[in-house]
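Only one structure is covered here, and it is reproduced in the block below.
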Amino acid sequence: MKQLFLFIFVLTQSIVFSQTSDTYEKSPVFPGCESQPIENLKSCFNNKINNHIFNTLKVPQVAIDDEYKGDAKVLFEVDKEGTIHVLYVDAVYDELKDEVKRVFNELPKATPGTYNGNPTYYQYSLTIKIPLVNPHEVTPQTAKETVVDVKKTVDLNEVVSNEYDSINDNIVKYQKLEYKSQLNIPFTHTYYARFDREMNELGTNSHTAAKPFMFDEVSKYYDFEAEKEALVKDSESWWARKLWNEHLVQVQGEDYWFTIDPVFDLQVGKDTDADFSTTYNNTRGFYIQGGLGKKFNFSASVYESQGRFAQYFNEYSESLKAFGPDPAIIPGRGIAKRFKTDSYDYPVAEAYLSYSPANFINVQFGHGKNFIGDGYRSLLQSDVASPYPFLKLNTKFWKMKYTNTWMWLKDVRTEVTEDGAFLTKYMANHYLSWNVSKRLNIGLFESVVWAKTDNRAFDVNYLNPIIFFRAIEFETGQDAGNAVVGASLKYKWNNKVNLYGQFILDEFSLNDIKGGEKSWKNKYGYQLGAKYYDAFKVDDLLLQVEYNRVRPYTYSHNTVALNYGHNNQSMAHLWGANFSELILIGRYNYKRWFADAKLVFGVRGFDINDGTDNFSYGGDIYRSYEERPFDTGVEVGQGIKTNTFNAELQGGYIINPVSNLKLFTNISFRNFDPNANTAALVKSNTTWFSLGVRTDLFNWYYDF
Numbered sequence: 011m012k013q014l015f016l017f018i019f020v021l022t023q024s025i026v027f028s029q030t031s032d033t034y035e036k037s038p039v040f041p042g043c044e045s046q047p048i049e050n051l052k053s054c055f056n057n058k059i060n061n062h063i064f065n066t067l068k069v070p071q072v073a074i075d076d077e078y079k080g081d082a083k084v085l086f087e088v089d090k091e092g093t094i095h096v097l098y099v100d101a102v103y104d105e106l107k108d109e110v111k112r113v114f115n116e117l118p119k120a121t122p123g124t125y126n127g128n129p130t131y132y133q134y135s136l137t138i139k140i141p142l143v144n145p146h147e148v149t150p151q152t153a154k155e156t157v158v159d160v161k162k163t164v165d166l167n168e169v170v171s172n173e174y175d176s177i178n179d180n181i182v183k184y185q186k187l188e189y190k191s192q193l194n195i196p197f198t199h200t201y202y203a204r205f206d207r208e209m210n211e212l213g214t215n216s217h218t219a220a221k222p223f224m225f226d227e228v229s230k231y232y233d234f235e236a237e238k239e240a241l242v243k244d245s246e247s248w249w250a251r252k253l254w255n256e257h258l259v260q261v262q263g264e265d266y267w268f269t270i271d272p273v274f275d276l277q278v279g280k281d282t283d284a285d286f287s288t289t290y291n292n293t294r295g296f297y298i299q300g301g302l303g304k305k306f307n308f309s310a311s312v313y314e315s316q317g318r319f320a321q322y323f324n325e326y327s328e329s330l331k332a333f334g335p336d337p338a339i340i341p342g343r344g345i346a347k348r349f350k351t352d353s354y355d356y357p358v359a360e361a362y363l364s365y366s367p368a369n370f371i372n373v374q375f376g377h378g379k380n381f382i383g384d385g386y387r388s389l390l391q392s393d394v395a396s397p398y399p400f401l402k403l404n405t406k407f408w409k410m411k412y413t414n415t416w417m418w419l420k421d422v423r424t425e426v427t428e429d430g431a432f433l434t435k436y437m438a439n440h441y442l443s444w445n446v447s448k449r450l451n452i453g454l455f456e457s458v459v460w461a462k463t464d465n466r467a468f469d470v471n472y473l474n475p476i477i478f479f480r481a482i483e484f485e486t487g488q489d490a491g492n493a494v495v496g497a498s499l500k501y502k503w504n505n506k507v508n509l510y511g512q513f514i515l516d517e518f519s520l521n522d523i524k525g526g527e528k529s530w531k532n533k534y535g536y537q538l539g540a541k542y543y544d545a546f547k548v549d550d551l552l553l554q555v556e557y558n559r560v561r562p563y564t565y566s567h568n569t570v571a572l573n574y575g576h577n578n579q580s581m582a583h584l585w586g587a588n589f590s591e592l593i594l595i596g597r598y599n600y601k602r603w604f605a606d607a608k609l610v611f612g613v614r615g616f617d618i619n620d621g622t623d624n625f626s627y628g629g630d631i632y633r634s635y636e637e638r639p640f641d642t643g644v645e646v647g648q649g650i651k652t653n654t655f656n657a658e659l660q661g662g663y664i665i666n667p668v669s670n671l672k673l674f675t676n677i678s679f680r681n682f683d684p685n686a687n688t689a690a691l692v693k694s695n696t697t698w699f700s701l702g703v704r705t706d707l708f709n710w711y712y713d714f
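Residue numbers 11 to 714, in the numbering used here, belong to the letters of the sequence shown in order.
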């Protein structure tokens, strides 16, 4: 019995000793360090690596010429086979990065490190001082900078696949890949003004009308990374970096990257002409950007919002009301339901996929907006309506850029709904931009709108990207679609002054023009404008003047659904038709500060609708032109002539330049003066103050 007890005791102690002796970690062993005691293996590994770098690395000539004094940071690992891999190099010069990788590729194979006796991964970070420091002349101060910092990756279970861990190991420092991607730059007039000069001055073969631009289009002429770096604040804490300088989440791997940012539009204000005490907007959401490989990108933004705006803005929103119980459509955003008693709840989601199979072509499919033009307004295609599904094809070759856009729109009026469902309508656009010379650009535009009916849905005739829509319209029937054509022009007077313009033609009668009778058939509009960069020798000061004029009945049709609109809003100018306006704009940027000023002088013609006169005078594009009161003598401003004046001054501070988060204050004044008051048209003067914080990703338009 005693012998049995002694045997068990000895066996147990042997097992415990055996397990204890194996339960430790052993760092990798560099060739030549095998004879060193375990406690010296790390320092021997460090010394061998540093000696190899000192004896092998050749400082690039560009660093020598610049008399560069700095460092290169290296993240590398020793895998379970002992092979040394470079994971990431951070250095000022690309030549230095390549040289570091070359030096590490020449390192011999080591004996892998172990944990519990099993081979495992070890990761190291190393700072290489430039000029190189002789390891044999290292001082106590520089020793801290040249010694390798070890970070161990433990293989906890050899049975489990290493696929998940290898994905984590491939994560590297975020390198701002968005600025060279095929992602769209969120279109806001304020932000686009920052690089408008470079696109026109340096971009002798750039195309500036079709918006939004992609980053890789603009990065040829404008350095986004330099812009963001110039605005960086010194911030050591994680919270400070995320607030002032970085995306909230930014992840990059070997063949993917993505960023996530919160979205805010939180503001409070006062309308001096309103019955309620305050105006406000409360938008929260998130914004995602990313890429898979080099050719595929994606973006999504989701907003949840509640708001109450200036009185005239609320009234206009409710005049856009869709069929059903929802009381309003927030202009540019979407259908809103009632929130509390006098506010609106309006959720919005926008997203798209971007794929570039070759350098000359890009395909996008998503839900959002598009814009064509070099001005503040567009008479061809604007971003004033709610987001919509679209498919867009951009093709660039020689001195041309060809943009095809197919859109799925909605007519939400009561008279066109069927079984409570909104009417689906379609729009297809072609826009060809041609740089005739370094100074002159000409654009050709055509568009057609058609609607879904019992015997007609999406017409494949309009899928052809190289056709003339007028010809297809005649082939499919006169009332099968509403086709318009247009043109644009931009002329670089010099590096500081650009002239631009647009012309839209819906219908035209040469005989009526010759007769001088101002026929209703002459449905057209035009735009003339100019931009002055670095005005009066003030850096980053942009001045702009623009004149727009659209004749009555332009964009309308005799078939109720074939107007040039979506969600009761215009797809071109937000005033519809039957107007003229003059716009003066100034924009200034200084570091993180910005200021915008805008004046809009306009003359508009509204329908009378008093019970005795219910004719269409050509301003409302949703009414049939067959409801006109006369055929000749048609002129801009007919009906209830209304003089309008809008003034807006906005200033603020950019909190985070990478997410475009801004602190702002806005003051706007609106004078609306019809020559006759009706239930729908009342003379008013509005002064609206507001301040808040906003992630600026789209344009708000208040000047209607």
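Don't be surprised by glycine CBs; every beta carbon is placed ideally from N, CA and C.
{"query": "Among Ala73, Ile650, Lys462, the one whose alpha carbon lies nearest that of Glu109", "result": "Ala73"}
{"query": "Reduced DSSP secondary structure (H/G/I, E/B, other) of Thr66", "result": "helix"}
{"query": "Residue environment, Ser457, which counts as buried when at least 16 other CB atoms sit within 10 Å", "result": "buried"}
{"query": "DSSP-derived helix/strand/coil call for Asp76", "result": "coil"}
{"query": "Pick from Tyr441, Val560, Tyr201, Asp285 that is closest to Lys238, judged by C-alpha positions", "result": "Tyr201"}
{"query": "Alpha helix (DSSP H) runs contained entirely in the segment 220 to 261, provided each spans 4 or more residues", "result": "225 to 228, 234 to 240, 248 to 254"}
{"query": "Residues bridged to Val102 [DSSP beta-bridge criterion]", "result": "Beta-bridge pairing links Val102 to no other residue."}
{"query": "Helix, strand or coil at Lys183 [DSSP, three-state]", "result": "coil"}
{"query": "First and last residue of the uninterrupted beta strand (DSSP E) at Tyr711", "result": "Premise fails: Tyr711 is in no beta strand (DSSP E) and is neither H nor E."}
{"query": "Cβ-Cβ distance between Phe274 and Val703 below 8 Å", "result": "yes"}
{"query": "Tyr189, enclosing beta strand (DSSP E) - first and last residue", "result": "Premise fails: Tyr189 is in no beta strand (DSSP E) and is neither H nor E."}
{"query": "First through last residue of the beta strand (DSSP E) which encompasses Gln133", "result": "131 to 140"}
{"query": "Option in Pro562, Tyr598, Thr688 with minimal Cα separation from Thr622", "result": "Thr688"}
{"query": "When Thr218, Asp265, Gln316, Val261 are compared against Ile298, the one with the closest alpha-carbon", "result": "Val261"}
{"query": "Cα-Cα separation between Arg449 and Leu363, rounded to whole angstroms", "result": "33 Å"}
{"query": "Residue from Gly596, Ser529, Pro341, Leu592 whose Cα sits closest to the Cα of Gly643", "result": "Ser529"}
{"query": "Status (buried if at least 16 other CB within 10 Å, exposed otherwise) for Ala332", "result": "buried"}
{"query": "Assigned secondary structure, Gln46 (DSSP; H/G/I helix, E/B strand, else coil)", "result": "coil"}
{"query": "Where the beta strand (DSSP E) through Ser364 begins and ends", "result": "358 to 368"}
{"query": "Nearest neighbour of Ser35, chosen from Asn126, Ser45, Gly80 [CA to CA]", "result": "Checking the sequence shown, residue 35 turns out to be Glu, not Ser. That would be Asn126, whose Cα lies nearest to the Cα of Glu35."}
{"query": "Backbone CA spacing between Tyr412 and Asn210 [nearest angstrom]", "result": "19 Å"}
{"query": "Opening and closing residue of the beta strand (DSSP E) in which Gln277 lies", "result": "266 to 281"}
{"query": "Leu97 beta carbon less than 8 Å from that of Phe114", "result": "no"}
{"query": "Other residues of its chain near Thr697: CB distance less than 6 Å, five sequence neighbours each side excluded", "result": "Thr282, Phe679"}
{"query": "Rounded separation between Asn324 and Asn624 - CA only", "result": "25 Å"}
{"query": "Pair within 8 Å by beta-carbon distance, Arg387 and Asn578", "result": "no"}
{"query": "Buried versus exposed call for Tyr6 [16 or more other C-beta atoms within 10 Å across all chains shown]", "result": "It is not possible to answer for residue 6, since the shown part of the chain is limited to 11 through 714."}
{"query": "Cross-strand partners of Tyr600 (DSSP beta bridge)", "result": "Trp603"}
{"query": "Same chain, Cβ closer than 6 Å to Asp706, five either side skipped, listed in chain order", "result": "Thr198, Asn670, Lys672"}
{"query": "Environment of Lys183 [buried if 16+ CB atoms lie within 10 Å]", "result": "exposed"}
{"query": "Boundaries (first-last residue) of the alpha helix (DSSP H) holding Asp206", "result": "206 to 211"}
{"query": "Bridge partner(s) assigned by DSSP for Met5", "result": "The chain is shown only over 11 to 714; residue 5 falls outside these bounds and no answer can be derived."}
{"query": "Stretch pair the segment 544 to 557 + the segment 381 to 400: three plus CB contacts closer than 8 Å", "result": "yes"}
{"query": "Inter-residue spacing [alpha-carbon to alpha-carbon] between Ser222 and Asp393", "result": "In the sequence as displayed, the identity of residue 222 is Pro instead of Ser. Roughly 10 Å separates the two Cα atoms."}
{"query": "N- and C-terminal bounds of the beta strand (DSSP E) containing Gln321", "result": "No beta strand (DSSP E) contains Gln321, which is instead part of the alpha helix (DSSP H) from 321 to 329."}
{"query": "Residue ranges of each beta strand (DSSP E) within the segment 374 to 431, 3 or longer", "result": "398 to 407, 410 to 421"}
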